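Peer 1:
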Amino acid sequence: MSRIIIEGHTSLKGSQKDNMELSFQRALAVTEYIDTINFSNQDKFRNKLLAAGRGNIDANKAFDDPKDRKVMFRFQFKREDLGQVFKNKTNN
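All the letters of the sequence shown, read from the start, carry residue numbers 105 to 196 under the working numbering.
#1: Output yes or no for whether 8 Å exceeds the beta carbon distance between Phe181 and Ile108.
#2: If you follow the beta strand (DSSP E) that Lys174 is in, where does it begin and where does it stop?
#3: Under 8 Å by Cβ, that's how I've got Ala115 and Asp172 pegged, so tell me the actual separation to the nearest angstrom.
#4: Is the CB-CB distance between Lys117 and Asp168 below 8 Å?
#5: Whole angstroms is fine: what's the gap from Lys165's alpha carbon to Glu125's?
#6: I need the straight-line Cα distance from Thr135 to Phe149, nearest angstrom please.
#7: State the start and end residues of the unbroken beta strand (DSSP E) segment that holds Leu154.
#8: Can you give me the C-alpha to C-alpha distance between Ser144 and Asn195, rounded to a whole angstrom?
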């Protein structure tokens, strides 16, 4: 199954618990916004969305950087025959 992971991030400002909640709420707000857009295959697309909070895990550890307060999209693709592709490559 392919997925679109919407990751919320925070800076170092605030507690770890609060940052995890805030980052998840950021990601969730984006998924909810996408849900308001009407397009074909919307149900199939919606089933591929996953909201994830990353908190301040990837934040700049040197200082509170506003650039760390963001939402990122990560795409995961699964190819059903990927194992066979690698097997064929090693046998050639």
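Glycine residues also receive a C-beta, built at the ideal position from the N, C-alpha and C atoms.
In this text, all values refer to a predicted model and were calculated from it rather than measured experimentally.
Peer 2: Taking the geometry as given:
#1: Position 77 of the sequence shown, counted from the first residue, corresponds to residue 181. Position 4 of the sequence shown, counted from the first residue, corresponds to residue 108. Result no, Cβ atoms of Phe181 and Ile108 do not sit closer than 8 Å.
#2: Position 70 of the sequence shown, counting from 1, holds the residue named residue 174. Looking at the DSSP string, the run of the beta strand (DSSP E) that includes Lys174 is 174 to 180.
#3: Sequence index remark: in the sequence shown, residue 115 carries index 11 (1-based). Sequence index remark: in the sequence shown, residue 172 carries index 68 (1-based). Note on identity: in this sequence residue 115 is Ser, with Ala being the wrong assignment. That pair is a contact at about 4 Å.
#4: Working through the sequence shown from its first residue, we reach residue 117 at position 13. Working through the sequence shown from its first residue, we reach residue 168 at position 64. Yes; because the gap between Cβ atoms is below 8 Å, this pair is in contact.
#5: The sequence position of residue 165 within the sequence shown is 61, counting from 1. The sequence position of residue 125 within the sequence shown is 21, counting from 1. Going by the C-alpha atoms only, they are around 19 Å apart.
#6: Walking along the sequence shown from the start, residue 135 turns up at place 31. Walking along the sequence shown from the start, residue 149 turns up at place 45. Thr135 and Phe149: Cα-Cα distance of roughly 11 Å.
#7: For the purposes of this step, residue 154 is taken as the residue at position 50 of the sequence shown. 153 to 157 is the extent of the beta strand (DSSP E) around Leu154.
#8: Along the sequence shown, one-based indexing puts residue 144 at 40. Along the sequence shown, one-based indexing puts residue 195 at 91. Going by the C-alpha atoms only, they are around 42 Å apart.
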